[in-house]
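Enquirer: Residue numbers (this note's numbering), protein chains in the order written: chain E, 10 to 121; chain P, 13 to 124.
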Amino acid sequence: DQQVKQNSPSLSVQEGRISILNCDYTNSMFDYFLWYKKYPAEGPTFLISISSIKDKNEDGRFTVFLNKSAKHLSLHIVPSQPGDSAVYFCAALTSGTYKYIFGTGTRLKVLA
Amino acid sequence: NAGVTQTPKFQVLKTGQSMTLQCAQDMNHNSMYWYRQDPGMGLRLIYYSASEGTTDKGEVPNGYNVSRLNKREFSLRLESAAPSQTSVYFCASSQGEADTQYFGPGTRLTVL
Chain E
10 DQQVKQNSPS LSVQEGRISI LNCDYTNSMF DYFLWYKKYP AEGPTFLISI SSIKDKNEDG
70 RFTVFLNKSA KHLSLHIVPS QPGDSAVYFC AALTSGTYKY IFGTGTRLKV LA
Chain P
13 NAGVTQTPKF QVLKTGQSMT LQCAQDMNHN SMYWYRQDPG MGLRLIYYSA SEGTTDKGEV
73 PNGYNVSRLN KREFSLRLES AAPSQTSVYF CASSQGEADT QYFGPGTRLT VL
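Have a look at this one:
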């Protein structure tokens with residue numbers, strides 16, 4: 010049973026437009042959420058995180074939104090750039106467990 | 013700073029062979045993790061070490077053992093490799109539980 014789901018395996022966006030990547034979770038005990046970006050043949054790199062006490066966190070072009078009642082988070086990238094083309098993973102954590110649960114990833118392609 | 017390093021980068025084993033994957037970090041982090049990534053799936057936690065001297069099971073620990081050799085090094089051992097263990101293995105480290113995880117470049121393991 011997948012506790013963290015990324016239902017869109019891929020997404021294509023024009024350069025300069027907004028990219029919206031979505032993530033749903035089922036476990037209400039999760040209280041910390043993260044997004045990672047992964048290029049081929051490299052390890053994931055951290056992008057942005059959000060605690061369950063917030064509903065939004067921004068870092069430059071990246072904004073994460075959390076809707077606890079819907080058990081949904083999204084990553085917005087504005088404006089999208091060709092260098093953003095990668096696989097994006099969301100992950101969730103219940104504090105005190107160290108057990109991060111990852112989604113299956115969304116491959117973003119930003120078209121020049 | 014090299015960050016998180018993993019050796020080897022690639023390995024091919026025959027069923028039943030054993031091997032140890034090595035991981036080292038130079039960021040003085042307390043916590044270290046081993047994940048596997050399979051096609052169409054997210055990263056799944058195999059084992060983690062919250063601090064030097066402790067190790068705990070993650071989501072998929074069967075068939076693996078780990079050793080936290082010191083604060084820098086965390087190794088993953090396959091005692092009797094099986095084809096189901098064909099995967100890409102990532103090591104990560106973080107200062108604490110909800111701190112940014114830094115990932116190594118991965119080890120691509122094939123078990124024939």
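The beta carbon of each residue, even a glycine, is placed where N, CA and C say it ideally should be.
Is the region 93-110 of chain E close to the region 44-57 of chain E, with three or more CB pairs under 8 Å?
Expert: Because the criterion of three Cβ pairs below 8 Å is met, the region 93-110 of chain E and the region 44-57 of chain E touch.
Enquirer: Which one of E:Q23, E:N36, E:I59 has the shortest CA to CA distance from L84 of chain E?
Expert: If you number the first sequence from 1, residue 84 of chain E lands on position 75. Checked all of E:Q23, E:N36, E:I59; the closest Cα to L84 of chain E is E:I59.
Enquirer: With a CB to CB cut of under 7 Å and the five nearest residues on each side skipped, what residues in its chain are close to S21 of chain E?
Expert: For the purposes of this step, residue 21 of chain E is taken as the residue at position 12 of the first sequence. Contacts found: K118, L120.
Enquirer: Could you give the uninterrupted runs of the beta strand (DSSP E) lying entirely in the region 76-108 of chain P, keeping only those of 3 residues or more?
Expert: Counting only runs of 3 or more, we get 76-80, 86-90, 99-106.
Enquirer: Would you say the region 91-107 of chain P touches the region 32-44 of chain E, given that touching needs at least three Cβ pairs under 8 Å?
Expert: No: the two stretches stay apart, fewer than three of their Cβ pairs being nearer than 8 Å.
Enquirer: Alpha carbon to alpha carbon, how far is G75 of chain P from F74 of chain E?
Expert: Counted from its first residue, the second sequence places residue 75 of chain P at position 63. Counted from its first residue, the first sequence places residue 74 of chain E at position 65. Cα-Cα distance, rounded: 38 Å.
Enquirer: Is Y107 of chain E closer than 9 Å to Y60 of chain P when the C-beta atoms are compared?
Expert: Counted from its first residue, the second sequence places residue 60 of chain P at position 48. Counted from its first residue, the first sequence places residue 107 of chain E at position 98. Yes, the pair counts as a contact, with Cβ atoms nearer than the cut-off.
Enquirer: List the whole-angstrom C-beta distance separating Q123 of chain P from L55 of chain P, where the pair is believed to meet the contact cut-off of C-beta under 8 Å.
Expert: What you label residue 123 of chain P is simply residue 111 of the second sequence in a count that begins at 1. What you label residue 55 of chain P is simply residue 43 of the second sequence in a count that begins at 1. For the record, residue 123 of chain P in the displayed sequence is Val; it is not Gln. Their Cβ separation, rounded to whole angstroms, is 19 Å, which puts V123 of chain P and L55 of chain P out of contact at 8 Å.
Enquirer: Mind listing the chain E neighbours of T112 of chain P? Cutoff is C-beta to C-beta under 9 Å, in chain order.
Expert: Residue numbering aside, residue 112 of chain P sits at position 100 when the second sequence is read from its first letter. Chain E residues near T112 of chain P: L43, F55, S58.
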